[in-house]
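Be aware that the sequence shown starts at 49, since it is given in the working numbering, and climbs by one per residue.
Note that CB positions come from ideal geometry on N, CA and C, so glycine has one too.
Owing to the predicted nature of the structure, the values given are computational and were not obtained by experimental measurement.
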Amino acid sequence: MSSKSKKLGSLADIFQTEVLEGSIRKIKLSKIAPSRIQPRSERQKGVEELAESLRTDGLLQPILVTKDSDDTYKIIAGERRYHASKLLGWEEIECKILNKNEKETYKLAVIENLQRENLSPYEEIEAMTILKEKYSYTDQELASLFGKSRSYMTEMLSVSNLSTGEINACREAGIDNKNLLVQAVQASKRGDFHSFLEQVKTGNVRTVKDAKSFNKNRNEKPDSPPQAPKSKEDQNSGIRIQKLEKSIVLQFEDPETLEITYKRLLSIFHS
């Protein structure tokens with residue numbers, strides 16, 4: 049069992065009582081429909097391979113459904129098994145029926161996919177965002193749901209601030225790490241997104257550590273170039289000018305000495 053599944057194990061236990069209360073029965077496929085909102089974007093990925101598995105071994109686990117109307121049902125989890133059984137020409141499939149509203153339905157779908165590790169980083173972050181924005185989960189509630197810290201959850205949700213174009217660019221660049229996506233957000237905020245992506249494509253940024261180093265170096269302003277020490281002659285000239293400035297201040301009110309002072313100043317600058 050993966051570490052992700054272990055962390056989510058306690059969460060599954062919370063819902064176990066509700067899940068076990070559902071009755072199990074075979075339902076005609078014509079009475080079942082996929083949910084409008086599903087955390088997996090590629091809903092039919094690997095369906096043909098799954099169909100072959102169902103043909104050989106049968107359905108090992110019923111799909112989860114909830115009542116949609118008097119005689120129809122909506123899928124909570126197991127949509128790929130549903131499509132695979134249709135591909136095989138089955139007329140019915142074994143289902144576990146749960147009485148859940150839309151919010152609970154989507155939450156359970158996310159949990160089921162995470163436990164199976166079927167979600168990509170992009171799908172997982174999108175699921176977090178939907179739970180927060182559509183179903184009003186707080187960052188702390190999501191942290192408990194996903195078995196993460198609140199600060200981690202807030203960082204992950206920040207990825208939704210990337211534009212659709214930036215998200216697609218990250219996909220095309222092969223970024224498949226959630227923490228690396230967070231660093232892409234930091235670069236985007238600073239206006240360095242394209243430079244960041246170029247570093248990823250060229251292999252200069254491969255790990256989260258590399259990405260943090262990139263962002264840190266971009267944040268640090270270059271030091272001012274060191275100034276050459278003043279020569280003794282420059283120092284003496286500066287002292288003479290300071291004395292002359294003081295003399296000008298004292299003598300400025302006397303018009304007769306202003307011209308003489310001005311000539312003395314010119315002679316110092318040209319000496």
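Quick check on DSSP: helix, strand or coil for L190?
helix
Among residues of its own chain, excluding the 5 on either side of Q138, which ones have a beta-carbon nearer than 7 Å to its beta-carbon?
Residue identity differs from the one stated: residue 138 is Trp in this sequence, not Gln. Excluding sequence neighbours, W138 sits near L77.
First and last residue of the uninterrupted alpha helix (DSSP H) at L102:
95-105
Residue environment, T114, which counts as buried when at least 16 other CB atoms sit within 10 Å:
buried
Exposure label - H131; buried when at least 16 CB within 10 Å
buried
Pick from I111, G70, T202, N149: whose alpha carbon is nearest that of A125?
I111
Taking the straight line between their C-alpha atoms, what separation do you get for S261 and G213?
24 Å
Do the stretch 178-197 and the stretch 209-228 meet, that is, are 3 or more Cβ pairs less than 8 Å apart?
no
Let me make sure I understand the geometry here. Which of F194, S197, H242 has the alpha-carbon closest to that of L210?
H242
Skipping 5 residues on each side, what residues in its chain have a beta carbon closer than 6 Å to that of S83?
K122, I123
Nonlocal neighbours in the same chain, by C-beta distance under 8 Å from D271, ignoring five residues either side:
Only weak support exists for where D271 lies, its pLDDT of 47 falling under 50; the value from the coordinates is given anyway. So no residue of the chain qualifies.
Might you give, ordered along the chain, the residues of its own chain that have their beta carbon closer than 6 Å to the beta carbon of K148, omitting 5 neighbours on each side?
T114
Would a C-beta distance cut-off of 8 Å place L98 and R128 closer than the cut-off?
yes
Could you compute how far the alpha carbon of I178 sits from the alpha carbon of G195?
17 Å
Rounding to the nearest angstrom, what Cα-Cα distance links Q247 and E203 in this structure?
22 Å
What is the DSSP secondary structure of L135, counted as helix, strand or coil?
helix
Look up I123 in the DSSP assignment and give the residues it is bridged to.
V113
Please return the same chain residues whose Cβ sits closer than 6 Å to the Cβ of L228, not counting the five positions on each side in sequence.
V256, A259
Exposure label - S236; buried when at least 16 CB within 10 Å:
buried
Can you tell me where the alpha helix (DSSP H) with I223 in it begins and where it stops?
Counting along the chain, I223 falls outside any alpha helix (DSSP H), and DSSP gives it neither H nor E.
With C-beta atoms as the reference, is I75 less than 8 Å away from E140?
yes
With 16 other CB atoms within 10 Å as the buried threshold, where does I159 fall?
buried
Once you ignore the five residues that flank S71 on each side, which residues in its own chain have a CB closer than 7 Å to its CB?
I145
Tell me, please, which residues DSSP counts as bridged to C143.
R73, I111
Where the alpha helix (DSSP H) through S170 begins and ends
With the sequence shown as reference, residue 170 is identified as Tyr, and Ser is not the correct amino acid for it. Unbroken alpha helix (DSSP H) run through Y170: 169-181.
Leaving out five residues on either side along the sequence, give the residues of the same chain with a beta carbon under 6 Å from the beta carbon of S206.
V233
The alpha helix (DSSP H) enclosing L205, as first and last residue numbers
198-205
Give me whichever residues DSSP pairs with I80 in a beta bridge.
Y121
Enumerate in chain order the residues of its own chain whose CB-to-CB distance from K79 is below 8 Å, with the five nearest sequence positions on each side excluded.
D119, T120, Y121
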